[in-house]
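Sequence positions in the first sequence follow our numbering and run 875 to 1166.
Let me begin by presenting the structure, written as structure tokens, before commenting on it.
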Amino acid sequence: MEITYECNKVIVNNLKNFNPKHIFECGQCFRWDLQDDGSYTGVAFGKILNVKQENNSIIFDNTNIEDFNNIWLNYFDLNTDYGEIKEYLNKNDDVMKEATKFGEGIRILKQDPWETLISFIISANNAIPRIKKSIELISKNFGQYIGEYKGKDYYKFPSPKDIYNISEEQLKTCGVGYRSKYILNTAKKVVDEKILLEEIKKLNSEDCSKSMREFAGVGPKVANCILIFAMEKVEAVPVDVWVKRVMEHFYFHKDTPNKKIEQFAREKYGKYAGYAQQYLFYYARELGIGKK
DNA sequence: CCCCAGGCAGTTA
DNA sequence: TAACTGCCTGGG
């Protein structure tokens, strides 16, 4: 990995295991949008960034050295060796060999806990395009304006206090439906009880999950998503319909309870079970594996 | 028109 | 503690 700096952009050469499409379309994030030139523009930690792959380079546009080192290096998990992870997962597992080849450039983003908490409450029983639309509207309507990039305005994801101060009716205009109650309750709980998600992040996997499930609208699957995508618990295995389908298709050959699938994955893939889940999810969803 | 989507909470037995 | 059911919304 060689990093060079130019005016308003950071270029990383020879970065292995990094593919913007795989990263942004593997279901872990909702605020990155594909542009006409094949790049992705998104907002994270209050900053607008554009990511483009060109030959052997990844170009991070609209940023500088400080932000790259302080935010993006960690956000994109650039110090983790995904080659080693894949090697570990692929051992004695032909399905995983295919899945890691298919989503070779996946990286688990280290996202903001609050934004991830609300985003995955919205994700329950919902479709990705609609989740994205709701989060965009919530940010636009209730988040702080950041600036414009290539003719489009961008907004921060609203803070707990920002959401605390809005009504259920206002929130429903963002298309979240019955989840509005959960979102408002969660904002109220965080503000009133002065909950520090960064402290919860320090807990072990089990306690962290327990804490998250105290929020309305957070069950086992959503909690595991928050754990892996924001709490750095890379052994967490969210079992959604796609992971359920792919696991039943390749390993169980029959209808299996989600809990059993989670347990199986954690035993089979150990400390990297969360990564395994992510490769399997992307593989299954893109190819429609197990879909009736 | 009907169907369902990356689950959850609330209610039964 | 497992099984069952309704649920906002909008695109196919």
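Positions of the beta carbon are idealized from the N, C-alpha and C atoms, including for glycine.
A residue is called buried once 16 or more other Cβ atoms fall within 10 Å of its Cβ, and PHE892 is buried on that count. Out of GLN927, ILE1163, ALA1139, the CA that lies nearest to the CA of ILE885 is found in GLN927. Burial check for MET970: the Cβ neighbour count within 10 Å reaches 16 or more, so the residue is buried. Positions of the alpha helix (DSSP H) runs, each at least 4 residues long and wholly inside the region 1075 to 1155, are given as 1079 to 1086, 1094 to 1104, 1115 to 1121, 1132 to 1143 in order along the chain. Segment contact: the region 905 to 917 against the region 1026 to 1046, three or more CB-CB distances shorter than 8 angstroms; contact assigned. DSSP places TYR949 in the helix class (H, G or I) of the three-state scheme.
Cβ-Cβ separation between ILE1057 and ILE1074: approximately 18 angstroms, too far for a contact (criterion under 8 angstroms).
Judged by DSSP in its simplified three-state form, ASP986 adopts coil rather than helix or strand. The residues ILE1100, PHE1103, ALA1104, in chain order, have a CB closer than 6 angstroms to that of THR990 in the same chain once the five nearest residues on each side in sequence are set aside. The alpha-carbon of CYS903 is positioned some 24 angstroms away from that of ASN887. In the three-state DSSP reduction, ALA998 falls in the coil class, being neither helix nor strand. Between the alpha carbons of GLY1091 and LEU963 lies a gap of roughly 32 angstroms. The DSSP-derived three-state label of ILE932 is strand. Between HIS896 and GLY957, the CB-CB gap reaches or exceeds 8 angstroms. One alpha carbon belongs to LEU1070, the other to HIS1127, and they sit about 42 angstroms apart. Annotated as distal: ILE1005 and THR1060, with beta-carbon spacing of 8 angstroms or more. Annotated three-state conformation of GLN1018 is coil, per DSSP. Sequence-distant partners of SER1079 (beyond 5 residues in either direction) whose C-beta falls short of 7 angstroms from its own C-beta, in its chain, are LEU1101, LYS1107, GLU1109, ALA1110. DSSP places LYS960 inside the alpha helix (DSSP H), whose first and last residues are 956 to 964. Following the DSSP letters along the chain, one finds THR974 in no beta strand (DSSP E) but inside the alpha helix (DSSP H) bounded by residues 968 to 976.
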